[in-house]
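Remarks on the structure that follows.
Shown next as structure tokens:
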């Protein structure tokens with residue numbers, strides 16, 4: 008069950024068989040059906056989730072009822088509301104499954120204990136947070152400086168699986184566009 012999980016960790020740190028066995032005692036497998044919530048706005052986020060299979064999204068809904076997608080997570084990716092988890096404040100995000108999904112859940116308490124018992128896991132988490140920060144900065148920069156066509160092209164080249172598996176209206180939301188604007192941009196790009 009945890010093959011992808013441990014292979015992703017092995018990309019950054021090396022765990023012994025004993026450490027893997029200890030790790031497993033802190034993990035909770037979870038299955039979500041399509042459209043089922045992992046986290047709902049107003050709840051406090053108490054865990055992080057690793058996607059073994061499937062696809063999820065995190066998003067907010069503004070006062071006009073419009074969704075604003077913050078993140079997608081496919082196989083091998085992590086997803087959570089880190090702000091809510093770290094502060095204990097209610098989340099302003101929803102996280103739900105785009106496809107039937109299989110997750111590995113680690114609670115905040117389990118995270119803390121694992122970092123104490125396996126110190127190199129703290130390094131792994133630091134590397135994940137650094138990469139997430141870099142990705143967030145890059146996305147902010149792209150959103151502010153690229154044209155609609157450039158944003159879509161960048162998404163396609165960086166994350167081709169997302170474009171294949173995620174509905175276009177969700178991709179438009181992630182890019183800060185209306186579905187109609189994205190559709191027009193895609194048509195113009197195919198004409199070129």
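Residue numbers (this note's numbering): 8 to 199.
Glycine included, every Cβ here is placed at the ideal spot set by N, Cα and C.
Computed from a prediction, not measured in an experiment: that's the story for all the values here.
If you count every other CB in all the chains shown that lies within 10 Å of the CB of residue 62, and 16 or more means buried, which is it? buried
Alpha carbon to alpha carbon, how far is residue 103 from residue 57? 13 Å
Please name the residue, chosen from 96, 70, 196, 82, that lies closest to residue 13 on a Cα-to-Cα basis. 82
What is the rounded straight-line gap between the Cα of residue 25 and the Cα of residue 190? 52 Å
In terms of DSSP beta bridges, what is residue 66 paired with? 76, 101
Would you kindly work out how many angstroms separate the C-alpha atoms of residue 21 and residue 106, rounded to a whole number? 31 Å
Can you tell me whether residue 113 is buried or exposed, with buried defined as 16 or more other CB within 10 angstroms of its CB? buried
Got a sec? Which residues, its chain only, sit under 6 Å from residue 128 by beta carbon, not counting five neighbours each side? 121, 122
Please name the residue in 182, 32, 17 whose C-alpha comes closest to that of residue 131. 17
Does DSSP put residue 16 in a helix, in a strand, or in coil? helix
Using C-beta distances below 7 Å, list every residue in its chain close to residue 27, excluding the 5 sequence neighbours before and after it, in chain order. 13
Hey, out of 59, 144, 68, whose CA is closest to residue 80's CA? 59
Just reading off the alpha helix (DSSP H) that residue 140 is part of, what are its end residues? 126 to 152
Locate the alpha helix (DSSP H) running through residue 197, then write down its first and last residues. 186 to 198
Okay, do the region 144 to 162 and the region 172 to 189 touch, 3+ Cβ pairs below 8 Å being the bar? yes
What does the alpha-carbon distance come out to for the pair residue 65 and residue 177? 11 Å
Span of the alpha helix (DSSP H) holding residue 93? 89 to 94
Which residues mark the beginning and the end of the alpha helix (DSSP H) in which residue 156 is found? 155 to 165
Output needed for residue 149: all residues of its chain with C-beta closer than 7 Å, excluding positions within five of it in sequence on either side, in chain order. 158, 161
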